[in-house]
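J.:
Protein chains: 2
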Amino acid sequence: MPKKIFIIGAGLSSGSLIRYLLDQAPKEDWQIVVGDMNLALAEAKIAKNPYGKAIFFDVHDSKICEEQISKTDLVVSLLPAFLHYKAAATALKFGKNFLTASYVSPEIKALDKEIQAKNLLFLNELGADPGIDHLSAMQIFDELKAKGAEILSFKSYTGGLIAPAYDNNPWNYKFTWNPRNVVLAGQGVAKYLQDSQPKYVPYHRLFSSLEKIQIDNYGDFEGYPNRDSLIYRELYGIENIPTILRGTLRRKGFCESWNVFVQLGMTDDSYPIDHSESLTYADFLRSFLPKSDMNLKDQLEKELHFSKQTISKLDWLGIFEPTKIGLEKASPAKILQHLLESKWKLAPKDKDLLVMQHIVEYRLENKNYQLFSTMTLEGNEQETAMSQAVGLPLAVGAHLLMKNQIQGKGVQIPNKRAIYEPILKKLVDFGISFAEKVLPMKS
Amino acid sequence: MPKKIFIIGAGLSSGSLIRYLLDQAPKEDWQIVVGDMNLALAEAKIAKNPYGKAIFFDVHDSKICEEQISKTDLVVSLLPAFLHYKAAATALKFGKNFLTASYVSPEIKALDKEIQAKNLLFLNELGADPGIDHLSAMQIFDELKAKGAEILSFKSYTGGLIAPAYDNNPWNYKFTWNPRNVVLAGQGVAKYLQDSQPKYVPYHRLFSSLEKIQIDNYGDFEGYPNRDSLIYRELYGIENIPTILRGTLRRKGFCESWNVFVQLGMTDDSYPIDHSESLTYADFLRSFLPKSDMNLKDQLEKELHFSKQTISKLDWLGIFEPTKIGLEKASPAKILQHLLESKWKLAPKDKDLLVMQHIVEYRLENKNYQLFSTMTLEGNEQETAMSQAVGLPLAVGAHLLMKNQIQGKGVQIPNKRAIYEPILKKLVDFGISFAEKVLPMKS
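Protein sequence lines correspond, in order, to chains A and B.
Residue numbers 0 to 442, in numbering that gives the first Met the number 0, belong to the letters of the first sequence in order.
Residue numbers 0 to 442, in numbering that gives the first Met the number 0, belong to the letters of the second sequence in order.
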C-alpha cells in the first residue's frame, strides 16, 4: 500500500507543490491526493497522473473531512489561513502531521500541548514569506552565533515583481499576486527597531520611508517597512539586536508615484464613492483634490508638488482620461484596483520575479561586517516564481517529513536548525538558493 | 397632581436643562424627576428643590425602567447615544413623548411607524451640534426659499473653545469637552460637496484643508471639514445645492500645530506603544521620527519642515522633556491625551466659548449675496457654554412639548418650522441667538 499525502486546495500556489510530489511518488511509493471544492481544478492539477487522485473536498463537511484525513499519512493545507483550523483539529484527532504556508493562528497555537503529546509536528509558515525568509535568516544567525559574532542589525526585504525581460511599463510593476492585497498593502502602522529604539510609521508616511537596495544583475530597488518587525526578535532568537526591519521591495521610483494614491486617500476601502458607476477616472481623481482653477496635471505638480515623472506614470494609467469607471458603489480602493488591473495585468507569456535580500551587520573579532544574502527567482514555463517559492518549501518539507528526515514536534515555524537545514539544502536543487557577499564596514 | 418630566442622566450636560425645568416647575405645576446610576449626582442637581426628585435609575433594569417611565408625562434622555434605545422602547410602550440631543440611531428610526401610530413625538438631535445648528440653518433656508432665493452654498462651522479672557496658552485651546474625542477627532474620511463635486479628504490631509473664518468681537479662526456633510443635503431639504460643508472651528494657527501629531502618527489609538510606562515624552516623540543625528527640535524643523511657531507650541507642552509618561501599554492617542490633559485643563474659574457660524451664499433677483449667521456663547458662573447649548434646547423643547406648543409626530429631528421656530424664539431669552450679516457678492 503506498503512503498517502493529502493536499487541501488546488489553487494558485499548489502547482509546484503537486508537481514535485507527483515526481517523487513512484520512487517513494506515495499516492498524492488533491482535494478542492472545485473538483475540475484538482483534476487539472493531477492531469491523470497514475500516482495522483483528485477528489471533491469541503473542509466544512465534517464527514468528508474526517474520512479523508483519517486515511492519509500527512496533511498539507493550502486553504486560506482562516480555514486551517478545522483541518488541523481533524489531523490532530487522527494523529497526522500537518503543514501550512500560513502564519500560526492563536487557535492552532492553542493545540500545541495536545500535538506534542501525540508526538506530531504541525509546521507552519513554510512558504515564501513567511517561509524561505525564516529558513535563510535563521541559518545566517546560527552560523554567525557559532563563530562568536555579535549581530548588530538585521534588515530583510522581499518583493514579488515582474521579471526584467517582461518589464515594459513605466511603473516597472505588474500584478504577480493578489491585486487587492497590493492596493491595500501597508495600511495600519509599521513597526521596526532602529538603534534600540522602536519606530512607528503611519501608513501615510510609509511610502516615503524608503531604503535603497541594490541586487546584483537586477539593479536598483527600494524597500519600505512591513507591518510589525519587532516580533521577529523573539521568533528569531535575537532578542537583544539593536536594529531589525522587515520590508517590501519595489523597483526604484515606484513608491514615490504610488504615494500619490496614498496621500490623496485613493486606497481607502472603508466607504463607497457617491455615484461611482457614472463617474470617469478623471472625476474620481478630482474628488480627492481641493478646488482649483488648474487642470488636474498642473494641480498635482504645482499645488501638491508631485514630480513630473510621477505625473507621467499616472498619465500612462489613463487616470486623467474621461473614461467611465462603471463600478457601482465602489470604494476608492476598488476603483483604483479596477484601473490598475487593466494596466498591470500579466501578459500570457510574462514571467514574474521574486527577490529576497537579508542585510545583516555583525561584529566579529573587533571588526564590523555587512553581509548581503540574496535570493532571486524567476517564473518558468510551468510555474510563477511565487508559486515555486510558496510550493517548493512545502513540498520539500513534506518529502523530508515523510522520510523522517526533519525533527520536531508541536506547533512550529521553521526557525530551528533541525528543520531549516535539510529543507534549505534540498531547495538548492530547485533553484532556490541565496548568494552571500560580505563587506567589511568602518567600525 | 403635577405633571412629571423624567430626565435620565445627571451628568455633564444636564445642569442647564434641570435648572430651567425646575425654574418653570412652580408656574407650570411640574415635578422634575432626575434619575441616574449615581444617586448622589442626581441629588446634587436637584439641590433639595421641592419641585424636584432624585432617584436611582438603571436603564438596564427593566422593572425600574418601566416603573419610572410609565408614570411620567415626558422622557428626556441624556444617556450615552448607544443606551437610548431601551428607554425609547419603554416610552413607546407606555405612550410617552421622548427627547434626546443625540443623532437618530437606526434602531430608534425603526420605531417610527409605531410612534406615529400612537401620535407621539420622539425628537432627537436637539442639543448644540446636532441641535442648534439644525434649528438655525433650517430657519435661514426656509426664509430664503420664501423670498424666492436660490441657495448656492452652505458652510457651517462649530467649535468648543476657551473664552478669550481665559485664553492664556500658545495653542489658544483648552479641553472644554471630552478630551478623548478631541484627540481622535477627524479620523476616517471627511466628505463635502464643492461646486457639485463630492470631495473626500483623508485624515492625514484634514488639518491642512482649512478655511479662514472671522467672528466679530472674537477675531480669527480656522475651520476643517467634519465627517460626512453630504447627508445634510437631504436632511435640510437642499438636495440640489452645489456646495455644502460642515466643519469644526479652532483658533487660527491651531491646526498647523495639531497636524504634527497627525502627520507623525501620534493620534493612533489602535496599538500599544512598547514599554510605554518607562518611556519619556521625548522618547515617545522620537519613536515617530526617522533616524537622525539632529536633536528633536532641529529634526522637526529642518527635516520635516514644521514651523518654528509650531515647535515652540510643542515645547510649551513639555514634549521635548525627559519626563516619564508612566502609562502602561498605552496607545499613542492615550499618551498624547495624557500629556495634553496636564496642559489644556480648564482652571476652576475658566469659562468656555461656543462658536457657530453659518455662511450661506444665495442668488436673489439676479444678484448674489453672502449671509453670515453667527452665534457665540460663553460659560457663566453656573454652567459651561457647552452645557447651556446642549441643555437649553432640550429644556425649551420639553417646555413647549408639555404645553402642546410644538407639533409633529414620529421620529424627528428639528428641521421643520413647526418645531424649530418656537424653540429658537424661546432660546433668545437665554442668550442663544444668531447675529446676521448680509454682504453683496460679485456675481
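Here a beta-carbon is modelled for each residue, glycine too, at the ideal position from N, C-alpha and C.
(1) Does the CB of B:Tyr280 have a neighbour CB from chain A at under 8 angstroms?
(2) Please list, in chain order, the chain A residues whose beta carbon lies closer than 9 angstroms to that of B:Tyr229.
(3) Where A:Gly325 and B:Glu382 are concerned, what is the direct C-alpha to C-alpha distance, given to the nearest angstrom?
(4) Note down the Cα distance separating A:Val410 from A:Lys117, rounded to an integer number of angstroms.
(5) Let me see if you follow: with CB-CB separation under 8 angstroms, is A:Gly264 close to chain B or not?
(6) Which residues in chain B have a C-beta closer than 9 angstroms to the C-beta of A:Asp194? List them in chain order.
(7) What three-state label does DSSP hand A:Gln406 in the structure shown?
(8) What's the gap between the Cα of A:Ile240 and the Cα of A:Asp282?
(9) Using a Cβ-Cβ cutoff of 9 angstroms, what residues of the region 322-334 of chain A are near chain B? List them in chain order.
(10) Short of 7 angstroms in beta carbon distance, which residues of its chain neighbour B:Tyr84, apart from the five on each side in sequence? Order them along the chain.
(11) Secondary structure at A:Gln381, three-state DSSP: helix, strand or coil?
(12) Smallest Cα separation from B:Tyr223: which of B:Phe253, B:Arg232, B:Asp215 and B:Thr242?
(13) Just reading off the beta strand (DSSP E) that A:His357 is part of, what are its end residues?
(14) If you draw a straight line from the alpha carbon of B:Glu435 to that of B:Val200, how long is it in whole angstroms?
(15) Under DSSP, the beta strand (DSSP E) around B:His55 begins and ends at which residues?
(16) Since B:Leu38 and B:Ala53 should fall inside the 8 angstroms C-beta cutoff, what is the C-beta to C-beta distance between them, to a whole number of angstroms?
(17) Anyone know if the C-beta pair for A:Ile131 and A:Val75 falls short of 8 angstroms?
(18) From A:Gln138 to B:Ser286, what does the alpha carbon distance come to, in whole angstroms?
(19) CA-CA distance, B:Leu399 and A:Gly185?
(20) Is A:Glu42 near the ligand ADP, in the sense that its beta carbon is under 7 angstroms from a heavy atom of that ligand?
(21) If you draw a straight line from the alpha carbon of B:Leu295 to that of B:Leu316, how long is it in whole angstroms?
(22) What is the DSSP secondary structure of A:Asn258, reduced to helix, strand or coil?
(23) Examine chain A for any beta-carbon lying closer than 8 angstroms to the beta-carbon of B:Asp268, and answer yes or no.
(24) Take B:Gly378 and list the residues in its own chain whose beta-carbon comes closer than 7 angstroms to its own, dropping the five residues that flank it on each side.
(25) Check the Cβ-Cβ distances between A:Ser13 and every residue of chain B, and say whether any is below 8 angstroms.
(26) My understanding is that B:Gly126 touches B:Ala100, with C-beta atoms under 8 angstroms, so please give their C-beta distance in whole angstroms.
(27) Given that a residue counts as buried once 16 or more other Cβ atoms are within 10 Å of its Cβ, and exposed if not, what is A:Met355?
(28) If you measure from the beta carbon of B:Ser286 to each beta carbon in chain A, is any gap under 8 angstroms?
(29) Just reading off the beta strand (DSSP E) that A:Arg226 is part of, what are its end residues?
(30) Answer yes or no: does any C-beta atom of chain A fall closer than 8 angstroms to that of B:Pro392?
(31) Relative to the alpha-carbon of B:Asp35, which residue among B:Ser13, B:Tyr165 and B:Asp28 has its alpha-carbon at the smallest distance?
(32) Whole angstroms are fine: how far does the CA of A:Leu376 sit from the CA of A:Thr322?
(33) For B:Pro105, report the span of its alpha helix (DSSP H) as first-last.
(34) Within the 8 angstroms Cβ cut-off, does A:Ser208 reach chain B?
(35) Could you check whether A:Lys154 and A:Leu244 sit closer than 8 angstroms to each other, using their CB atoms as the reference points?
(36) Can you name, in chain order, every residue of its own chain whose Cβ lies under 6 angstroms from the Cβ of A:Leu370, other than the five neighbours on each side?
T.: Reading from the atomic positions:
(1) If you number the second sequence from 1, residue 280 of chain B lands on position 281. So, not an interface residue.
(2) Within the second sequence, residue 229 of chain B is the residue found at index 230, counting from 1. Going by the sequence as given, residue 229 of chain B is Leu instead of Tyr. In chain order: Asp273.
(3) Your numbering for residue 325 of chain A matches position 326 in the first sequence. Your numbering for residue 382 of chain B matches position 383 in the second sequence. Distance between the alpha carbons of A:Gly325 and B:Glu382 is about 54 angstroms.
(4) Numbered from its first residue, the first sequence carries residue 410 of chain A at position 411. Numbered from its first residue, the first sequence carries residue 117 of chain A at position 118. Taking the straight line joining both Cα atoms gives about 12 angstroms.
(5) The residue labelled residue 264 of chain A in the question sits at position 265 within the first sequence. Any Cβ of chain B closer than 8 angstroms to the Cβ of A:Gly264 would place that residue at the interface, and such an atom is present.
(6) The residue you call residue 194 of chain A lines up with position 195 of the first sequence. Contact of A:Asp194 with chain B by beta-carbon distance below 9 angstroms involves Lys290.
(7) Counting from 1 along the first sequence, the entry for residue 406 of chain A is found at position 407. Annotated three-state conformation of A:Gln406 is coil, per DSSP.
(8) To locate residue 240 of chain A, count along the first sequence from 1; it is residue 241. To locate residue 282 of chain A, count along the first sequence from 1; it is residue 283. Straight-line Cα distance between these residues: approximately 49 angstroms.
(9) Cβ contacts with chain B come from Pro331.
(10) If you number the second sequence from 1, residue 84 of chain B lands on position 85. Excluding the 5 residues flanking it on each side, B:Tyr84 has same chain C-beta neighbours closer than 7 angstroms at Ser104, Glu106 and Ile107, in chain order.
(11) Numbered from its first residue, the first sequence carries residue 381 of chain A at position 382. DSSP places A:Gln381 outside both helix and strand once states are collapsed to three, so it counts as coil.
(12) If you number the second sequence from 1, residue 223 of chain B lands on position 224. Per the Cα distances, B:Phe253.
(13) Mapped onto the first sequence, residue 357 of chain A falls at position 358. Residues Asp351 to Leu363.
(14) Residue mapping note: residue 435 of chain B aligns to position 436 of the second sequence, counting from 1. Residue mapping note: residue 200 of chain B aligns to position 201 of the second sequence, counting from 1. B:Glu435 and B:Val200: Cα-Cα distance of roughly 30 angstroms.
(15) The residue given as residue 55 of chain B occupies position 56 in the second sequence. Before going on, a small fix: residue 55 of chain B reads as Phe here, not His. It spans Gly51 to Phe55 - the beta strand (DSSP E) in which B:Phe55 sits, taken as one unbroken run.
(16) Taking the second sequence and counting its residues from 1, one reaches residue 38 of chain B at position 39. Taking the second sequence and counting its residues from 1, one reaches residue 53 of chain B at position 54. With 8 angstroms as the limit, B:Leu38 and B:Ala53 qualify as a contact, their Cβ atoms being about 6 angstroms apart.
(17) Mapped onto the first sequence, residue 131 of chain A falls at position 132. Mapped onto the first sequence, residue 75 of chain A falls at position 76. No, Cβ-Cβ distance for A:Ile131 and A:Val75 is not below 8 angstroms.
(18) Here residue 138 of chain A refers to the residue found at position 139 when the first sequence is read from its first residue. Here residue 286 of chain B refers to the residue found at position 287 when the second sequence is read from its first residue. The alpha-carbon atoms of A:Gln138 and B:Ser286 are separated by roughly 31 angstroms.
(19) Here residue 399 of chain B is taken as the residue at index 400 of the second sequence, counted from 1. Here residue 185 of chain A is taken as the residue at index 186 of the first sequence, counted from 1. Rounded to the nearest angstrom, the two C-alpha atoms are 54 angstroms apart.
(20) The model on display carries no ligand, and the ligand ADP is accordingly not part of it.
(21) Residue 295 of chain B sits at position 296 when you count from the first residue of the second sequence. Residue 316 of chain B sits at position 317 when you count from the first residue of the second sequence. Pairing B:Leu295 with B:Leu316, the inter-Cα distance amounts to about 14 angstroms.
(22) Locating residue 258 of chain A in the first sequence gives position 259, counting from the first residue. In this structure, A:Asn258 counts as helix in the three-state DSSP scheme.
(23) As a first step, residue 268 of chain B must be located in the second sequence, where it is residue number 269. B:Asp268 has a beta carbon lying at 8 angstroms or more from every beta carbon in chain A.
(24) Translated into the one-based positions of the second sequence, residue 378 of chain B becomes position 379. Sequence-distant Cβ neighbours of B:Gly378 in its own chain, meaning closer than 7 angstroms and more than five residues away, are Ala162, Lys350, Asp351 and Ala384.
(25) Start at 1 with the first residue of the first sequence, and residue 13 of chain A comes out as number 14. Chain B, which has no Cβ nearer than 8 angstroms to the Cβ of A:Ser13, makes this no.
(26) Here residue 126 of chain B refers to the residue found at position 127 of the second sequence. Here residue 100 of chain B refers to the residue found at position 101 of the second sequence. In this structure B:Gly126 is in contact with B:Ala100, their Cβ atoms being roughly 3 angstroms apart against a cut-off of 8 angstroms.
(27) Taking the first residue of the first sequence as position 1, residue 355 of chain A is located at position 356. When all chains shown are included, A:Met355 counts as buried.
(28) Residue mapping note: residue 286 of chain B aligns to position 287 of the second sequence, counting from 1. Output row for B:Ser286: interface = yes.
(29) By one-based count along the first sequence, residue 226 of chain A stands at place 227. Counting along the chain, A:Arg226 falls outside any beta strand (DSSP E), and DSSP gives it neither H nor E.
(30) In the second sequence, residue 392 of chain B corresponds to position 393, counting from 1. Chain A contact via Cβ: absent.
(31) Residue 35 of chain B sits at position 36 when you count from the first residue of the second sequence. When C-alpha distances from B:Asp35 are compared across B:Ser13, B:Tyr165 and B:Asp28, the shortest belongs to B:Ser13.
(32) Here residue 322 of chain A refers to the residue found at position 323 of the first sequence. Here residue 376 of chain A refers to the residue found at position 377 of the first sequence. Straight-line Cα distance between these residues: approximately 37 angstroms.
(33) Reading the second sequence from its first residue, position 106 is the one you call residue 105 of chain B. If you look at B:Pro105, you'll find it in the alpha helix (DSSP H) that goes Pro105 to Lys108.
(34) Translated into the one-based positions of the first sequence, residue 208 of chain A becomes position 209. The beta carbon of A:Ser208 falls within 8 angstroms of a beta carbon belonging to chain B, placing the residue at that interface.
(35) Within the first sequence, the letter at position 245 stands for residue 244 of chain A. Within the first sequence, the letter at position 155 stands for residue 154 of chain A. In this structure, the beta-carbon distance from A:Leu244 to A:Lys154 falls below 8 angstroms.
(36) Position 371 of the first sequence holds residue 370 of chain A. Answer for A:Leu370: Val359 and Val437, listed in chain order.
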